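Residue numbers (my numbering): 348 to 625.
Backbone N, C-alpha and C fix where the C-beta goes; we use that ideal spot for every residue, glycine too.
Quantities reported herein were computed from a predicted structural model and do not represent experimental measurements.
Encoded as structure tokens, the structure appears first; notes follow it.
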């Protein structure tokens, strides 16, 4: 079993098959710092090494998810005279993290309380399910600093809201409240702040009843579907299905169905209660 990482700007909590990563610099609104990015890399290493983990929940702290880049460090880089090549290398490192999140073998839930701005907005949209508190806000705030959207936002945002609305959101850099976010399809559900994490874990426990292998392949294939032609998608489906229908989960599910026993995944059933502390 992999050792739990020594994190710098976040906290990791594991509750059975659910891993929760919380950004822990809420006093400065949880900037997307180099330390936080390294934390994500180490947590993803741990997930890769522990197949019993079934869902990853990411969240913030102190009423903030992630308010974007660390602007004081941006100023320091400019003061130090660091040029475009250094920034390009930094973004390439960030891109490697985004690829890992996109290729994650298990569902990703983002629980957003307070601002998700800039890179924080991009990070939120890497999730399969975005749960938001009533005080959550979103903004592609890059234009206010003379920057272009990053952290995958130029890819993920048009796929969520359409191209015309995505252009309006990024060029205006305006604030989106939680009600508009839900109307646009950015937020899956809205909860009071004190109910946000319990709701995220209830959703995670439902997802834990599903097939890990098939869910991972389905997640990756759906993410490819907008830029892949129909024939290629059919071939990818066939390859993935050949694997999925020989997994222990599928074999057990077929036996349960034939024997008229309940299937493990029943989305309409009440969520299981969280495990009690020993």
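Rounded C-beta distance between residue i and residue j? I'm assuming under 8 Å.
i: residue 408; j: residue 371; result: 6 Å
i: residue 534; j: residue 525; result: 6 Å
i: residue 609; j: residue 603; result: 7 Å
i: residue 544; j: residue 406; result: 6 Å
i: residue 483; j: residue 511; result: At roughly 24 Å, the Cβ-Cβ gap does not stay under 8 Å, so residue 483 and residue 511 are not in contact.
i: residue 498; j: residue 469; result: 3 Å
i: residue 433; j: residue 393; result: About 29 Å; that fails the 8 Å criterion.
i: residue 451; j: residue 387; result: The pair is not a contact, with the Cβ atoms about 11 Å apart (cut-off 8 Å).
i: residue 453; j: residue 363; result: So it is not a contact: roughly 13 Å between Cβ atoms.
So that I know if they touch, is there some Cβ in chain B lying closer than 8 Å to that of residue i?
i: residue 423; result: Among the chains of the structure shown, chain B does not appear; only one protein chain is present.
I need the DSSP call for residue i, collapsed to helix, strand or coil.
i: residue 676; result: Past the boundaries of the shown model lies residue 676; the chain is included only from 348 to 625, so the question cannot be answered.
i: residue 610; result: coil
i: residue 406; result: strand
i: residue 359; result: strand
i: residue 522; result: strand
i: residue 380; result: coil
i: residue 474; result: coil
i: residue 371; result: coil
The alpha helix (DSSP H) spanning residue i covers which residue range?
i: residue 604; result: 595-605
i: residue 425; result: 418-426
i: residue 484; result: No alpha helix (DSSP H) contains residue 484, which is instead part of the beta strand (DSSP E) from 484-486.
i: residue 442; result: 431-449
Between the options, which lies nearest to residue i when the distance is taken from Cα to Cα?
i: residue 566; options: 456, 517 and 443; result: 456
i: residue 439; options: 381, 600 and 568; result: 381
i: residue 546; options: 519, 589, 526 and 480; result: 480
i: residue 375; options: 530, 417 and 519; result: 417
i: residue 473; options: 482, 491, 442 and 495; result: 442
i: residue 390; options: 423, 572, 356 and 562; result: 356
i: residue 549; options: 383, 377, 404 and 378; result: 404
i: residue 410; options: 577, 373, 488 and 542; result: 373
i: residue 611; options: 577, 559, 584 and 571; result: 559
i: residue 617; options: 556, 496 and 578; result: 556
i: residue 395; options: 613, 448 and 569; result: 448
i: residue 369; options: 398, 412 and 397; result: 412
i: residue 517; options: 528, 383, 591 and 491; result: 491
i: residue 486; options: 506, 446, 527 and 478; result: 527
According to the neighbour-count rule (16 or more other Cβ atoms, all chains shown, within 10 Å of its Cβ), is residue i buried or exposed?
i: residue 523; result: buried
i: residue 581; result: exposed
i: residue 466; result: buried
i: residue 624; result: With a pLDDT of only 43 at residue 624, under 50, the local geometry of the prediction cannot be trusted, and no value is derived from it.
i: residue 414; result: buried
i: residue 461; result: buried
Go to residue i, then tell me how far its beta strand (DSSP E) extends in each direction, as first and last residue.
i: residue 464; result: 462-464
i: residue 537; result: 536-538
i: residue 457; result: 455-459
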